[in-house]
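Asker: This note's numbering numbers the first residue of the sequence shown as 264 and each following residue consecutively.
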Amino acid sequence: MNSKGECPSYCNQGCVCPDYYKPVCGSDGKSYPNECYAKCAGVVKYTDGECQEYKCIKEGQECKPEKAVITHAPQEVCCPGLVCAQDKTKLSAVVYTCQQPQQPKEEPQPTCALEGQTCTVYQTATGAQTSTCCNGLMCGSNGVCVNLTKQWCKDSDNGKNQYTFGQTVYGTGDKVVEMEYDKCYEETNVVEYYCLDGVLKSTTIPCKSGEICKDGVCVKKGKECVYEYCANGVFYTSCSYNENSGECECSTKVKCDSGVCNKEGTACGSVEQTCPYEYCKDGVFYTGCNLNSNTGQCECTTLVQCTSGRCDSEGKYCASVGGAAAPSS
């Protein structure tokens, strides 16, 4: 029994507790004969002594912040709905009073970006992807907000096709926002642009083995042909590689008027004089000479250094002391 001779309800809860009387005041505002009965009632916070009449501290009155539960001492806690906090209006000393709890400050919402304005995409705390665009708008691939109800996308090759050159156009309303063409990335990859859910996207597609990327599409890797060249006194142009024949084929063939090509083999050449079978030049005697129709130059099978180190006045033979001219042996 308590001091008033009453038997509280916990007496009949079947708890086995000692009979000594050392009352405690539980955090539920009830008195218990000793701490055992308090624990039996499920109360884990309590203070020594019986609970006294509860008188709360009113708003604006001083309080002790370290007191967190109702105890046996009167007037130790703030009335319901109030909290004990530092009174910031008291500048001369640190004073705690019972106050209305301060509402947490709402973080100011960032000003959203309107249609056509620059935007950024980021992840929320839950991992969801969102953007700084206002409701009803989304952040496009070009970094500006677009209207979901007005956006459109057109792909000329209708999807991911690395063998067809395509143009992809994205816009909103009657305005084109972005236009991209399929292109090569390095030698063996195609950057393919396509539409997905009305938005312009891109991906990199590698060409297959034996293929290269050329002009934004994957093509079979064949022999490289020079577009135009000169050979055997004939000038060839508009040349390309024929995969079936495995050779370069040219649509235009023109015979050079001079009958010879230039030394580089890039165009027709000119012949200023005939090529003698043998002659002497710069102290060297040449023989077995013929005109090369490709280069327009004389080519000789034999060259002999003159003993005298010089040619005769006509350039036909080596010169020697005494007037006789003959090649050295």
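By construction, the Cβ of each residue, glycine as well, lies at the ideal position given by its N, Cα and C atoms.
Tell me, which residues are paired with F498 by DSSP?
Answerer: Locating residue 498 in the sequence shown gives position 235, where the first residue counts as 1. DSSP lists C493 and V517 as partners of F498.
Asker: In the DSSP assignment, what residue or residues form a beta bridge with P469?
Answerer: If you number the sequence shown from 1, residue 469 lands on position 206. Answer is N452.
Asker: Where V407 and Q365 are concerned, what is the direct C-alpha to C-alpha distance, given to the nearest angstrom?
Answerer: Walking along the sequence shown from the start, residue 407 turns up at place 144. Walking along the sequence shown from the start, residue 365 turns up at place 102. Rounded to whole angstroms, V407 to Q365 spans 40 Å at the Cα level.
Asker: Measure the beta-carbon distance from G496 to K518 and round it to whole angstroms, keeping in mind my assumption that it falls under 8 Å.
Answerer: The count along the sequence shown starts at 1 and reaches residue 496 at position 233. The count along the sequence shown starts at 1 and reaches residue 518 at position 255. Their Cβ separation, rounded to whole angstroms, is 6 Å, which keeps G496 and K518 in contact under 8 Å.
Asker: Taking its Cβ as the centre, do 16 or more other Cβ atoms sit within 10 Å of H335, making it buried, or is it exposed?
Answerer: Counting from 1 along the sequence shown, the entry for residue 335 is found at position 72. Residue confidence is low: H335 scores 46 on pLDDT, short of 50, so the model does not pin down where it sits. No coordinate-derived value is stated.
Asker: Under the assumption that L411 contacts T431 (Cβ atoms under 8 Å), give the Cβ distance between them as a whole number of angstroms.
Answerer: For the purposes of this step, residue 411 is identified with residue 148 of the sequence shown, where counting begins at 1. For the purposes of this step, residue 431 is identified with residue 168 of the sequence shown, where counting begins at 1. At roughly 19 Å, the Cβ-Cβ gap does not stay under 8 Å, so L411 and T431 are not in contact.
Asker: Taking the alpha helix (DSSP H) that C299 belongs to, which residues open and close that run?
Answerer: By one-based count along the sequence shown, residue 299 stands at place 36. Per DSSP, C299 belongs to the alpha helix (DSSP H) from E298 to C303.
Asker: Taking C-alpha atoms, which residue in Y300, Q568, C543 and V482 lies nearest to Y447?
Answerer: Residue numbering aside, residue 447 sits at position 184 when the sequence shown is read from its first letter. Here the sequence assigns Cys to residue 447, which means Tyr is not the residue at that position. Minimum Cα distance to C447 is reached at V482.
Asker: Quick check: T500 and C513, are their CB atoms within less than 8 Å of each other?
Answerer: Numbered from its first residue, the sequence shown carries residue 500 at position 237. Numbered from its first residue, the sequence shown carries residue 513 at position 250. Cβ atoms of T500 and C513: closer than 8 Å.
Asker: Exposed or buried, which one is Y457 when buried takes at least 16 other CB atoms within 10 Å?
Answerer: As a position in the sequence shown, residue 457 is number 194, starting the count at 1. The residue is buried, with at least 16 neighbouring Cβ atoms inside 10 Å.
Asker: Within a Cβ cutoff of 8 Å, which residues of the same chain sit near G289, ignoring the five residues on either side of it in sequence?
Answerer: In the sequence shown, residue 289 corresponds to position 26, counting from 1. Correct list, in chain order: Y295, A301, A304, V306, K308, Y309 and C314.
Asker: Tell me whether the beta-carbon of G578 lies closer than 8 Å to the beta-carbon of C563.
Answerer: Taking the sequence shown and counting its residues from 1, the one referred to as residue 578 is at position 315. Taking the sequence shown and counting its residues from 1, the one referred to as residue 563 is at position 300. No; because the gap between Cβ atoms is not below 8 Å, this pair is not in contact.
Asker: Indicate whether T387 and T393 have their beta-carbon atoms separated by less than 8 Å.
Answerer: The count along the sequence shown starts at 1 and reaches residue 387 at position 124. The count along the sequence shown starts at 1 and reaches residue 393 at position 130. Yes, they are a contact pair.
Asker: Quick one: is K515 buried, meaning 16 or more other Cβ sit within 10 Å of its Cβ, or exposed?
Answerer: Translated into the one-based positions of the sequence shown, residue 515 becomes position 252. It should be pointed out that residue 515 corresponds to Thr in this sequence rather than to Lys. That one is exposed.
Asker: Select from G403, I475 and T389 the residue whose C-alpha is nearest the C-alpha of Q425.
Answerer: Walking along the sequence shown from the start, residue 425 turns up at place 162. Out of G403, I475 and T389, I475 has the C-alpha closest to the C-alpha of Q425.
Asker: Pop quiz: C326 and C280 are said to be a contact at Cβ under 8 Å. What is the actual Cβ separation, rounded to whole angstroms?
Answerer: Position 63 of the sequence shown holds residue 326. Position 17 of the sequence shown holds residue 280. Contact doesn't hold; Cβ gap of about 34 Å is too wide.
Asker: Apart from the five residues on each side of it in sequence, which residues of its chain come closer than 8 Å, Cβ to Cβ, to G399?
Answerer: Taking the sequence shown and counting its residues from 1, the one referred to as residue 399 is at position 136. Answer for G399: N410, L411 and T412, listed in chain order.
Asker: Near V454, which residues of its chain fall below 7 Å by C-beta distance, leaving aside the five closest residues on each side in sequence?
Answerer: Walking along the sequence shown from the start, residue 454 turns up at place 191. Closer than 7 Å at the Cβ level, and outside the excluded window around V454, lie D445, K446, Y448, S465 and T467.
Asker: Can you grab the Cα-Cα spacing for the pair T451 / D437, in whole Å?
Answerer: By one-based count along the sequence shown, residue 451 stands at place 188. By one-based count along the sequence shown, residue 437 stands at place 174. For T451 and D437, the distance between alpha carbons rounds to 37 Å.
Asker: Taking just the CA atoms, how far does G461 sit from G434?
Answerer: Against the sequence shown, residue 434 aligns to sequence position 171. Against the sequence shown, residue 461 aligns to sequence position 198. Taking the straight line from one Cα to the other gives about 9 Å.
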